[in-house]
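**Q**
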Amino acid sequence: MLEIHLLLIFMIAAAIIAVRVKDLLSSVVAVGAAGLGLSLSFLVLKAPDLAITQLVVEILCLVILIRATIKKDLPFSASGRWFFNTLITLCFLAIFLGAAYFSLKSLPQFGNAVMRVSGIYVENGMIQTGSPNIISAIILDYRGYDTLGEVTVLFTAAIGVLAIVRKIGRKRET
Amino acid sequence: MTAYLLCLVLFSIGLYCILRKRNLIKIIIGIGIVEYAVNLFFILVGYRTGGRSPIFARDQVITNMVDPLPQALVLTSIVIGLAVTALLVAIAIRIYEKYGTFDITKINKLKG
Amino acid sequence: MRHSKEAGMTLIVKTVTRLTVGLILLYGIYIIFNGHLSPGGGFAGGVIMALSFINIMLAFGKEAALKKFNLSSAQLLASAGALIFLLLAMIGFIDGHFFSNFFFKNKLPFDLLSEGNIPIYEVAISLIVGGGLFAIFVALVIEHKADKHSD
Amino acid sequence: MNIIPLFVIIPLAAAFLISFAGRFAKRIPDILGNSACFALLFLSIYMANALYKIPGHILVYKVGGWIPPIGISMVVDSLTAFMLVTVNLVAFMIAVFSIEYMTKYTDKWKFYTLFMLMIAGINGVTITGDLFNLFVFLEIASISSYALVAFGTESEEMEASFKYAVMGSVASSFILLGIAFLYSWTSTLNMADMASVLAEKGYTRTLPFVSVLFLMGFGLKAALVPFHGWLPDAHPSAPAPISAMLSGVLIKVLGVYALSRIFYNVLGMDSRILSILIFLGALSMLVGVFLAIGQWDLKRLLAYHSISQIGYVILGIGLGTPLGIFGGLFHLFNHSIFKSLLFLNSGAIDYSIGTRNLQEMGGLRARMPVTAATNLIASMSIAGIPPFNGFFSKLIIILACVQAHHAGYAFIAVIGSILTLASFMKVQRYAFFGVLNKKWEAAKEVPVGMLASMIVLGLVCIVAGLFALPPFSAFLTNAANVLVNGKDYAALVWGAVK
Numbered sequence: 001m002l003e004i005h006l007l008l009i010f011m012i013a014a015a016i017i018a019v020r021v022k023d024l025l026s027s028v029v030a031v032g033a034a035g036l037g038l039s040l041s042f043l044v045l046k047a048p049d050l051a052i053t054q055l056v057v058e059i060l061c062l063v064i065l066i067r068a069t070i071k072k073d074l075p076f077s078a079s080g081r082w083f084f085n086t087l088i089t090l091c092f093l094a095i096f097l098g099a100a101y102f103s104l105k106s107l108p109q110f111g112n113a114v115m116r117v118s119g120i121y122v123e124n125g126m127i128q129t130g131s132p133n134i135i136s137a138i139i140l141d142y143r144g145y146d147t148l149g150e151v152t153v154l155f156t157a158a159i160g161v162l163a164i165v166r167k168i169g170r171k172r173e174t
Numbered sequence: 001m002t003a004y005l006l007c008l009v010l011f012s013i014g015l016y017c018i019l020r021k022r023n024l025i026k027i028i029i030g031i032g033i034v035e036y037a038v039n040l041f042f043i044l045v046g047y048r049t050g051g052r053s054p055i056f057a058r059d060q061v062i063t064n065m066v067d068p069l070p071q072a073l074v075l076t077s078i079v080i081g082l083a084v085t086a087l088l089v090a091i092a093i094r095i096y097e098k099y100g101t102f103d104i105t106k107i108n109k110l111k112g
Numbered sequence: 001m002r003h004s005k006e007a008g009m010t011l012i013v014k015t016v017t018r019l020t021v022g023l024i025l026l027y028g029i030y031i032i033f034n035g036h037l038s039p040g041g042g043f044a045g046g047v048i049m050a051l052s053f054i055n056i057m058l059a060f061g062k063e064a065a066l067k068k069f070n071l072s073s074a075q076l077l078a079s080a081g082a083l084i085f086l087l088l089a090m091i092g093f094i095d096g097h098f099f100s101n102f103f104f105k106n107k108l109p110f111d112l113l114s115e116g117n118i119p120i121y122e123v124a125i126s127l128i129v130g131g132g133l134f135a136i137f138v139a140l141v142i143e144h145k146a147d148k149h150s151d
Numbered sequence: 001m002n003i004i005p006l007f008v009i010i011p012l013a014a015a016f017l018i019s020f021a022g023r024f025a026k027r028i029p030d031i032l033g034n035s036a037c038f039a040l041l042f043l044s045i046y047m048a049n050a051l052y053k054i055p056g057h058i059l060v061y062k063v064g065g066w067i068p069p070i071g072i073s074m075v076v077d078s079l080t081a082f083m084l085v086t087v088n089l090v091a092f093m094i095a096v097f098s099i100e101y102m103t104k105y106t107d108k109w110k111f112y113t114l115f116m117l118m119i120a121g122i123n124g125v126t127i128t129g130d131l132f133n134l135f136v137f138l139e140i141a142s143i144s145s146y147a148l149v150a151f152g153t154e155s156e157e158m159e160a161s162f163k164y165a166v167m168g169s170v171a172s173s174f175i176l177l178g179i180a181f182l183y184s185w186t187s188t189l190n191m192a193d194m195a196s197v198l199a200e201k202g203y204t205r206t207l208p209f210v211s212v213l214f215l216m217g218f219g220l221k222a223a224l225v226p227f228h229g230w231l232p233d234a235h236p237s238a239p240a241p242i243s244a245m246l247s248g249v250l251i252k253v254l255g256v257y258a259l260s261r262i263f264y265n266v267l268g269m270d271s272r273i274l275s276i277l278i279f280l281g282a283l284s285m286l287v288g289v290f291l292a293i294g295q296w297d298l299k300r301l302l303a304y305h306s307i308s309q310i311g312y313v314i315l316g317i318g319l320g321t322p323l324g325i326f327g328g329l330f331h332l333f334n335h336s337i338f339k340s341l342l343f344l345n346s347g348a349i350d351y352s353i354g355t356r357n358l359q360e361m362g363g364l365r366a367r368m369p370v371t372a373a374t375n376l377i378a379s380m381s382i383a384g385i386p387p388f389n390g391f392f393s394k395l396i397i398i399l400a401c402v403q404a405h406h407a408g409y410a411f412i413a414v415i416g417s418i419l420t421l422a423s424f425m426k427v428q429r430y431a432f433f434g435v436l437n438k439k440w441e442a443a444k445e446v447p448v449g450m451l452a453s454m455i456v457l458g459l460v461c462i463v464a465g466l467f468a469l470p471p472f473s474a475f476l477t478n479a480a481n482v483l484v485n486g487k488d489y490a491a492l493v494w495g496a497v498k
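Residue numbers (our numbering), protein chains in the order written: chain A, 1 to 174; chain B, 1 to 112; chain C, 1 to 151; chain D, 1 to 498.
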């Protein structure tokens, strides 16, 4: 699987650019590139549903972020001002990666998913639900309750945004 | 294995961005990167070498499929990420209206 | 400068938008109804529908788009979609369980209505997603900008 | 039993209906929200009563009719029933309080929609038997709470909400990463199934890493000390009913309950995790109370005390002995009652005189007698004065520490309790006793609805001490046994599924 490694390296590069670059608009565009890399990775990893969803979500996120940040990229204080804090953060991340490396060793190797429960979905999914797309069968039938949660999250965010952008929060007559 | 590790490196970059950057939009971007990494990790975990995508087609016998369950979960997770991003952008825009900046070193009306 | 931007973009953009927006909407609907046969589904389709409205709004300015579809109707649509989804899930109680998927079953796969209430779920999801995301977009971008003008 | 999904359906339906019809008729949000909360309280008491009669019983609901590892299951055992009663009791009282209190804010229907969504999320986390489903409902509860913290739309509230949302998202990412690791190792998401697979496969180097991820994620949600930075900003900034909900219920369900459910019932507790939990609990206890003493903002002081009291709960649960867990759960219940009462009191003061600064108050006892009386009860409870509930739970935790040969931690708990007493003496002295400030001559007691919920919570504070004694203690003992005999969880669930 060379493609996935190349895509991951591309995403890491885009992410580093997004973190490092001073200009907010460039940063947003760079993270959009990383998102497109993610969409391609989903395609390579045989998840076309996710590739479509990630693509459209990425476009929407970009539109929102660009409209939110445009003309507002004021200068901001550099992050490397406190050398000590950065050092602590890097140490924490290094420990995190090291621990992750040791724990990854005992996981099943890449490309050898166990599919203990998913085997049942693949075996019986089409007959039991009538849906040739197993993803649809899972999200709307086997695990439909999760999807109820998912749409509720989106609904919550919509109401939350409407609540947050109110101009007047408190009635001021006392 | 290498793919897993690269994915976690991406996670760490996002985490670094959240922890060390002083700009609200950059922090939101960091959260986005972290979400990308977690979603990708889930899909990597469910990959099978030579597997087909989990969609049956007429008149075709498919023997080896990638794990469909992580894909269903990540679909939910992408939506959650979108919801969180929208909410954070809304708060950031309001903060910009109140303080006139995205710089968190200048946003400090709260003591703690 | 700012005002001309509010009123929309150049003629080229407007013409292209006018030609493509119907196709985008149609593509969204296609994706919604074929979610169980091919990649896609209610969520991706809903986002595409929301994007087509956002497209109109960016090209023609907010008045033109908000005349067709404003914030409160978007929010009502999202609530209606959520209610439909919950009701569908509760209809499953007739069959004994929350979320039971029992009607229209026993048909061959690969048909458009082959699999119980999954297509109806997809429509409900697309309503929530389309309405909710459009409401978020309008609240974040358009109304916010309008208020900046009045300051 | 068919009523289990109603714990999620009722609040969700109420939320969607309020959002659909709420802006057209003024009373609809109040009526729908309160009746939904009342129905939830009734159902949870009914459920707890049903489970109380048969100790060790467990109910499993198969969503969609799919048997557990394939579909999602909802699991209700004694611990779940206990949490449901706690959550829905507090939530109903807060809903009643909000009828009057939230008239100070605009757009009440948005408040009630988000509030019902938050309850749906909390109940969903409590009853779920599936790890990813737990994550989804945790996100519903978290996202609605981010929005609710910023409900007043003032600049401080936005700032606090942003901080809270960022920390919460990081915590969620850690939790999701942990779930991904566990999924890769066990290839299942059902908690009972996962517990059996983990027991079958034995120890792996993945487990400590996953434990640390979950500890960081849920520790952030519970505001344990190294991860507590967001709480003292977020909780005071919210409207008072939401502060009560966040401090009283949210951090406990999303943090303590989820943590103990996953560690005791799924991953299997080991002594290293236990000692980390005890240490973090004791640290939170001390740091929280030390930071609280210097505060002059009433709600901020209460928020720091939340950190300290969560420390007691974690200390009790982290001891791992039956008595310790009993004490921890008992303190969890007591804390959600008296802390929400204290936040409602602060809301009542804010409603009446419009300030949260202790130095500006004084002598309010004369003007607001009911608020003063309920506040005195709650303060004595949190400080651990004998006849009230807080005394019994703290005593049990301290005894459990001694019993488990952790005399040092018992000593820390005593010191924390004394400092808490000092801090609440200060609240009483500056807010309610002393000379009435000239500014507040015209201050009036708050309306009846707000008084009613405060009085009920105050009465619960007095009565709840009885839970330490038989026959009522069986209610808590059953709940504690779920954690004490954590390894039986999988077998019980499989037995109930058949």
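A virtual CB, placed ideally from N, CA and C, is assigned to each residue, including glycine.
Taking buried to mean at least 16 other C-beta atoms within 10 Å of its own C-beta, is B/Lys106 buried or exposed?
**A** Per the 10 Å Cβ criterion, exposed.
**Q** Starting from the C-beta of D/Thr500, find all residues in its chain whose C-beta is less than 7 Å away, skip the five residues before and the five after it, and write them out in chain order.
**A** As displayed, chain D neither begins before 1 nor continues past 498, which places residue 500 of chain D out of reach and without an answer.
**Q** Within 8 Å (strictly less), CB to CB, does C/Val21 reach chain A?
**A** Not closer than 8 Å to any Cβ of chain A, the Cβ of C/Val21 fails to qualify, so no.
**Q** Among the candidates D/Phe326, D/Ile31, D/Met74, whose CA atom is the shortest distance from the CA of D/Leu469?
**A** Per the Cα distances, D/Phe326.
**Q** Measure the C-alpha to C-alpha separation of D/Leu59 and D/Leu43 and round it to an integer number of angstroms.
**A** Going from the Cα of D/Leu59 to the Cα of D/Leu43 covers about 15 Å.
**Q** Quick one: residues in its chain with C-beta nearer than 6 Å to the C-beta of D/Ser142, no 5 flanking neighbours on either side, listed in chain order?
**A** The residues are Gly168.
**Q** Can you tell me whether DSSP reads B/Asn64 as helix, strand or coil?
**A** B/Asn64: coil per DSSP, three-state reduction.
**Q** Helix, strand or coil for D/Lys62? Go by DSSP, reduced to three states.
**A** D/Lys62: strand per DSSP, three-state reduction.
**Q** For the region 14-46 of chain A, which residues have a beta carbon sitting closer than 8 Å to at least one beta carbon of chain B?
**A** Taking 8 Å as the Cβ-Cβ cut-off against chain B, the residues of the region 14-46 of chain A that qualify are Ala15, Ile16, Ala18, Val19, Leu24, Ser27, Val28, Val31, Ala34, Gly35, Leu38, Ser41, Phe42, Leu45, Lys46.
**Q** If distances are taken between C-alpha atoms only, which option among D/Gly56, D/Ala160, D/Ala180, D/Gly416 comes closest to B/Phe41?
**A** Answer by Cα proximity: D/Ala180.
**Q** Taking the alpha-carbon positions, what's the C/His3 to A/Arg67 distance?
**A** The pLDDT assigned to C/His3 is 45, lower than 50, so where the model puts this residue is not dependable; a value taken from the coordinates is nonetheless given after this. So the alpha carbons of these two residues sit roughly 16 Å apart.
**Q** Using a Cβ-Cβ cut-off of 8 Å, state whether D/Val63 counts as contacting chain C.
**A** Yes, its Cβ sits closer than 8 Å to a Cβ of chain C.
**Q** With A/Ser106 as the anchor, note down where its beta strand (DSSP E) starts and where it stops.
**A** Where A/Ser106 is concerned, there is no enclosing beta strand (DSSP E), given that its DSSP letter is neither H nor E.
**Q** Does any residue of chain C bring its CB to less than 8 Å from the CB of D/Ile9?
**A** Taking Cβ atoms only, chain C reaches closer than 8 Å to D/Ile9, which makes this a yes.
**Q** Tell me the start and end of each unbroken beta strand (DSSP E) in the region 301-347 of chain D that is at least 3 residues and wholly inside, in chain order.
**A** DSSP runs (the beta strand (DSSP E)) wholly in the region 301-347 of chain D: none.
**Q** Mind listing the chain A neighbours of C/Leu51? Cutoff is C-beta to C-beta under 7 Å, in chain order.
**A** Per Cβ cutoff of 7 Å: Val56, Ile59, Leu60.
**Q** Which chain C residues are close to A/Ile64, counting only those with a beta carbon under 8 Å from its beta carbon?
**A** Within chain C, the residues near A/Ile64 are Ile136, Phe137, Leu140, Val141.
**Q** What residues from the region 14-32 of chain B come within 8 Å of chain A, judged by C-beta to C-beta, listed N to C?
**A** Taking 8 Å as the Cβ-Cβ cut-off against chain A, the residues of the region 14-32 of chain B that qualify are Gly14, Leu15, Tyr16, Cys17, Leu19, Arg20, Lys21, Arg22, Asn23, Ile25, Lys26, Ile28, Ile29, Gly30, Gly32.
**Q** What is the residue span of the alpha helix (DSSP H) that A/Met11 lies within?
**A** Start and end: 2-20.
**Q** Which of the three DSSP states is assigned to B/Tyr47 in this structure?
**A** Looking at B/Tyr47 - three-state DSSP - the assignment turns out to be coil, as it is neither helix nor strand.
**Q** Should the region 444-461 of chain D be regarded as contacting the region 363-374 of chain D, the criterion being three or more beta carbon pairs within less than 8 Å?
**A** Result yes; three or more Cβ-Cβ pairs closer than 8 Å.
**Q** Can you give the Cα-Cα distance for C/Gly61 and D/Ile9, rounded to whole angstroms?
**A** The alpha-carbon atoms of C/Gly61 and D/Ile9 are separated by roughly 40 Å.
**Q** Could you check if D/Glu200 is buried or exposed, using at least 16 other CB atoms within 10 Å of its CB as the buried criterion?
**A** When all chains shown are included, D/Glu200 counts as exposed.
**Q** Considering only the alpha carbon of each residue, which of D/Phe24, D/Val90, D/Met191 lies closest to D/Lys506?
**A** This structure cannot speak to residue 506 of chain D, because chain D is shown only from 1 to 498.
**Q** Within the continuous beta strand (DSSP E) that includes D/Ser73, where are the two ends?
**A** D/Ser73 -> beta strand (DSSP E) spans 73-76.
**Q** Under a Cβ-count criterion, where at least 16 other Cβ atoms within 10 Å of its own Cβ denotes burial, should D/Glu441 be classed as buried or exposed?
**A** Exposed, because fewer than 16 other Cβ atoms sit within 10 Å of the Cβ of D/Glu441.
**Q** At which residues does the alpha helix (DSSP H) containing D/Glu360 begin and terminate?
**A** That residue, D/Glu360, is in no alpha helix (DSSP H); it is neither H nor E in DSSP.
**Q** Let me know if D/Asn2 comes out buried or exposed under the rule of 16 or more other beta-carbons within 10 Å of its beta-carbon.
**A** Under this definition D/Asn2 is an exposed residue.
**Q** Have a look at D/Phe411 and D/Ile418 and give me their C-alpha separation to the nearest angstrom.
**A** If I take the Cα positions, the gap works out to 11 Å.
**Q** Which residue from B/Met1, B/Phe11, B/Gly100, B/Ile25 puts its Cα closest to that of B/Leu88?
**A** With distances taken between Cα atoms, B/Leu88 lies closest to B/Ile25.
**Q** Using DSSP with H/G/I as helix, E/B as strand and the rest coil, what is D/Asp107?
**A** Looking at D/Asp107 - three-state DSSP - the assignment turns out to be coil, as it is neither helix nor strand.
**Q** If I'm right that D/His235 touches D/Leu246 with Cβ under 8 Å, what's the distance once you round it to whole angstroms?
**A** That belief holds up - the Cβ atoms of D/His235 and D/Leu246 are roughly 5 Å apart, short of 8 Å.
**Q** When the Cα of D/Ile70 is compared with those of A/Gly144, A/Thr152, A/Ala158, which residue comes out closest?
**A** Per the Cα distances, A/Gly144.
**Q** Determine the chain B residues that contact C/Ser79 at a beta-carbon separation under 7 Å, and present them in chain order.
**A** Those do not exist, as C/Ser79 stays about 16 Å from chain B at its closest Cβ, beyond 7 Å.
**Q** Are C/Gly40 and C/Ile31 closer than 8 Å when you measure CB to CB?
**A** Result yes, Cβ atoms of C/Gly40 and C/Ile31 sit closer than 8 Å.
**Q** According to DSSP, what are the bridge partners of A/Leu112?
**A** What sits at residue 112 of chain A in the sequence shown is Asn, not Leu. Answer by DSSP bridge pairing, in chain order: B/Arg48.
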